[in-house]
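Heads up: the structure comes next, in structure tokens.
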Amino acid sequence: MIRTVKRGQATRMEKERVGVPDLPEQKRLGGAQMKPLTENAPKAGAVNQSSRFWTKAFQQRYLYMMSLPFVIWIFIFSYVPVWGWLTAFQNYKPKDSILNQKWVGLENFIELFQDERFYIVLRNTLAMSTMGLIVGFTIPVVFALLLNEMRGQLFKRSVQTISYLPHFVSWVVVAGLVSKMLSTDGGAVNQLLMWLGVIDAPVQFMAKGELFWGIVTLSDLWKEMGWNSIIFLAAMAGIDPELYEASTVDGAGRFRKMWHITLPGIRTTFMVLFILSIGHLVSIGFEKQFLLGNPLVSDYSEVLDLYALKYGIQMSRYSYGTAIGIFNSVVSILLVFIANGIYKRVTKESII
Amino acid sequence: MQGALKRQTGDKIFDFCIYVFMIIVTIVTLYPFLNVLAISFNDSVDTVRGGLTIYPREFTLKNYETIFGFDGLLTGFQNSVIRTVLGTAIGVISASMMAYTLSRPDFQARRWMSVVFALTMYFSGGLIPGFLLMKSLGLVGTFAVYIIPAILSVWNVFVVRSYIDGLPYALQESAKIDGANDWTIFWKIILPLCQPVLATIALFIAVGHWNAWFDTYLFNNRNAENTTLQYELMKVLLSTQTGSNYRDPNAQQAIASVSPESIKMAITIVVTVPILLVYPFLQKYFVKGMTLGAVKS
Numbered sequence: 001m002i003r004t005v006k007r008g009q010a011t012r013m014e015k016e017r018v019g020v021p022d023l024p025e026q027k028r029l030g031g032a033q034m035k036p037l038t039e040n041a042p043k044a045g046a047v048n049q050s051s052r053f054w055t056k057a058f059q060q061r062y063l064y065m066m067s068l069p070f071v072i073w074i075f076i077f078s079y080v081p082v083w084g085w086l087t088a089f090q091n092y093k094p095k096d097s098i099l100n101q102k103w104v105g106l107e108n109f110i111e112l113f114q115d116e117r118f119y120i121v122l123r124n125t126l127a128m129s130t131m132g133l134i135v136g137f138t139i140p141v142v143f144a145l146l147l148n149e150m151r152g153q154l155f156k157r158s159v160q161t162i163s164y165l166p167h168f169v170s171w172v173v174v175a176g177l178v179s180k181m182l183s184t185d186g187g188a189v190n191q192l193l194m195w196l197g198v199i200d201a202p203v204q205f206m207a208k209g210e211l212f213w214g215i216v217t218l219s220d221l222w223k224e225m226g227w228n229s230i231i232f233l234a235a236m237a238g239i240d241p242e243l244y245e246a247s248t249v250d251g252a253g254r255f256r257k258m259w260h261i262t263l264p265g266i267r268t269t270f271m272v273l274f275i276l277s278i279g280h281l282v283s284i285g286f287e288k289q290f291l292l293g294n295p296l297v298s299d300y301s302e303v304l305d306l307y308a309l310k311y312g313i314q315m316s317r318y319s320y321g322t323a324i325g326i327f328n329s330v331v332s333i334l335l336v337f338i339a340n341g342i343y344k345r346v347t348k349e350s351i352i
Numbered sequence: 353m354q355g356a357l358k359r360q361t362g363d364k365i366f367d368f369c370i371y372v373f374m375i376i377v378t379i380v381t382l383y384p385f386l387n388v389l390a391i392s393f394n395d396s397v398d399t400v401r402g403g404l405t406i407y408p409r410e411f412t413l414k415n416y417e418t419i420f421g422f423d424g425l426l427t428g429f430q431n432s433v434i435r436t437v438l439g440t441a442i443g444v445i446s447a448s449m450m451a452y453t454l455s456r457p458d459f460q461a462r463r464w465m466s467v468v469f470a471l472t473m474y475f476s477g478g479l480i481p482g483f484l485l486m487k488s489l490g491l492v493g494t495f496a497v498y499i500i501p502a503i504l505s506v507w508n509v510f511v512v513r514s515y516i517d518g519l520p521y522a523l524q525e526s527a528k529i530d531g532a533n534d535w536t537i538f539w540k541i542i543l544p545l546c547q548p549v550l551a552t553i554a555l556f557i558a559v560g561h562w563n564a565w566f567d568t569y570l571f572n573n574r575n576a577e578n579t580t581l582q583y584e585l586m587k588v589l590l591s592t593q594t595g596s597n598y599r600d601p602n603a604q605q606a607i608a609s610v611s612p613e614s615i616k617m618a619i620t621i622v623v624t625v626p627i628l629l630v631y632p633f634l635q636k637y638f639v640k641g642m643t644l645g646a647v648k649s
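Protein sequences, first through last, are from chains A and B. Numbering of the first sequence is given in my numbering, commencing with residue 1 and proceeding in unit increments. Numbering of the second sequence is given in my numbering, commencing with residue 353 and proceeding in unit increments.
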């Protein structure tokens, strides 16, 4: 296959060569540059070196053309907002430039840490992210394990395809489906529970604050279980089949193989993903909470990002909102380092 | 002998349990969609009686006729399609271009550019500074706010780059000898060979654009001409949750005969179907792409 491509390309290139009048000297240089010939060149003075830099830069002008616009773009859209962190130490008013503001030191942070609401919000964030972390890792692993044990290929593939499906559906749709399933008039969950005799009358799930964390966690599980299992299935597929054969000879049963071969086989993958997720404990996003929550359950549904959104944008307190964001980022980075440190101590390996 | 027999029956019971579990998973995954589909095709007066499961009792297309009369929804549909197509095209080209330059071992700026891009994966400015940036760039209230901030995804750049790294470098070298420049090499050699990985990231980007609602909420909530489908659905959703009706001034009459519940379900289907149509075909690509990204990270 590669050969055909090569041949096809060569003819096209030949056309190019005829079509594009190019300086022959330059072309020769371009060809030589593919081999590390320059390394063998004798060391010259500073002037020579800088001129060599520019010659090479000119040879690679197309590479610069293809990359520099994106570098500029990423500076604007990823680095400039970090510069905006300065606003957290100011009393920011959008009409002036960021350097022309009143500096207030840590006032915004002090106010943040004195706000009782902040601690409720932090509790909600940590509760939902911890629940999500536990459920979102164990169940997909179990699901992948069971899929891995399935013999019928057709059924297995159909289940996989169906289980990935909710991942591609937006949270807006999922929130609609969840509230439909949990509704009191004809919601499937209420009907099922009543049929089973667990409850006598329909429960207003969406209006009960103490159920909110569970609802978010289960919705997330419903949406992402199949998707999150892909990676574990791939790791399982990478386990050496000889290990299984050897253990069969040794008389190991199915469960023993799962326990002693499959699970250890995915340990590294699991740990890497787990530690990376710990970094996201405080920044779990807000889509689910925004869309599933309602004023009745806001004591349980408000998370840090929503809190920042409420103060920062809806109330236009930009500095305060930025302070929340900084708290978020700093805690995230700390958590990743702590998690990695623990992992390193236990396994003598590091993942970051 | 007896032990082996016991193990065999144990195996069979286990197999059976897996099958039962998988069937339950399938039902739990599909039922909500089928239920919504049934309601969307069911007469809205009849729906109120309840008890609908996975097939409509009194079939009607009225719900769909009603929602396709909503101005907001049509504009939203149009905008969603445009942003998805345009955003995906731009996203794929820019990610692969950037990835190609970063994959060239002889590129002068490769090292510092890699660092500049990789660093952004560890931090972000956050919600408010991002909002202020859009404001100062004059992007608030424009359609461009859907496209320009999403030109590139660093994650995709690294996924494509690791794929290009896996291609034989000799291909590029021989093209070079034949007189091709870097620009031609990228378009004529790299892009065609990267097809599988590009399909993967195209799917991710497209789904991301199609499903986005928050940027509309944040930047275009006062600009009806820039609304998106997901945002319209979100408005219906939140308004029915709090009990008030979804109001489209041009559709007051229609709404009187069709309940908000049915409208909500019909919009949900309209929003979901395009994704369901596309994704089974791309499944083999994204499974590969997922594992590729994971190995490299």
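Glycine is no exception: its CB is placed at the ideal position from the N, C-alpha and C atoms.
- Look at residue 337 (chain A): its C-beta is not under 8 Å from any C-beta on chain B.
- Ranked by how close their Cα comes to the Cα of residue 110 (chain A), the residues A:210, A:126 and A:88 have A:88 in first place.
- Within chain B, the residues whose beta carbon sits less than 7 Å from that of residue 185 (chain A) are 402, listed in sequence order.
- Beta-bridge analysis with DSSP links residue 103 (chain A) to A:90.
- At a cut-off of 8 Å, the C-beta of residue 94 (chain A) has a neighbouring C-beta in chain B.
- In the structure shown, the three-state DSSP call for residue 411 (chain B) is strand.
- A residue is called buried once 16 or more other Cβ atoms fall within 10 Å of its Cβ, and residue 556 (chain B) is buried on that count.
- The Cβ atoms of residue 306 (chain A) and residue 286 (chain A) sit closer than 8 Å to each other.
- Within the segment 375 to 401 of chain B, the residues whose Cβ lies closer than 9 Å to some Cβ of chain A are 375, 377, 378, 380, 381, 382, 383, 384, 385, 387, 388, 391, 399, 400 and 401, listed in chain order.
- Separation of residue 208 (chain A) and residue 312 (chain A) (C-alpha to C-alpha, rounded to the nearest whole angstrom) is 28 Å.
- Beyond the five residues adjoining it in sequence on each side, residue 400 (chain B) comes within less than 7 Å, by CB distance, of 611 in the same chain, given in chain order.
- In this structure, DSSP gives residue 578 (chain B) a helical state, which the three-state scheme calls helix.
- At a cut-off of 8 Å between beta-carbon atoms, residue 515 (chain B) makes no contact with chain A.
- Using a Cβ-Cβ cut-off of 8 Å, residue 559 (chain B) counts as an interface residue toward chain A, since at least one Cβ of chain A sits closer than that to its own.
- For the pair residue 372 (chain B) and residue 365 (chain B), the Cα-to-Cα distance works out to about 11 Å.
- Assignment of residue 533 (chain B) by DSSP, reduced to helix, strand and coil, places it in the coil class.
- Taking C-beta atoms as the reference points, residue 221 (chain A) and residue 139 (chain A) count as a pair closer than 8 Å.
- At a C-beta separation below 9 Å, residue 456 (chain B) has these neighbours in chain A: 60 and 63.
- Taking 7 Å as the upper bound on Cβ-Cβ separation, chain A lies near residues 501, 503 and 504 of the segment 489 to 516 of chain B.
- In the displayed model, residue 572 (chain B) falls within coil according to three-state DSSP, outside both helix and strand.
- A Cβ-Cβ contact shorter than 8 Å links residue 132 (chain A) with residue 284 (chain A).
- Per DSSP, residue 520 (chain B) is not a residue of any alpha helix (DSSP H), being assigned neither H nor E.
- At a Cβ-Cβ threshold of 8 Å, residue 504 (chain B) and residue 74 (chain A) count as neighbours.
- One Cα belongs to residue 333 (chain A), the other to residue 321 (chain A), and the distance between them is close to 19 Å.
- Under the three-state reduction of DSSP, residue 340 (chain A) is assigned to helix.
- For residue 363 (chain B), the chain A residues whose C-beta falls within less than 7 Å of its own C-beta are 254, listed in chain order.
- Where residue 127 (chain A) is concerned, the enclosing alpha helix (DSSP H) starts and stops at 116 to 149.
- Judged by DSSP in its simplified three-state form, residue 431 (chain B) adopts helix.
- In the three-state reduction of the DSSP assignment, residue 294 (chain A) falls in the coil class, being assigned neither a helical nor a strand state.
- Straight across, the Cα-Cα distance linking residue 521 (chain B) with residue 458 (chain B) is about 12 Å.
- Residues of the segment 440 to 464 of chain B that bring their beta carbon within less than 8 Å of a beta carbon in chain A comprise 446, 449, 450, 452, 453, 454, 456, 458, 459, 460 and 461, in sequence order.
- The beta carbon of residue 469 (chain B) sits closer than 7 Å to the beta carbons of 506 and 509 from its chain, once the five residues preceding and following it are set aside; these are given in chain order.
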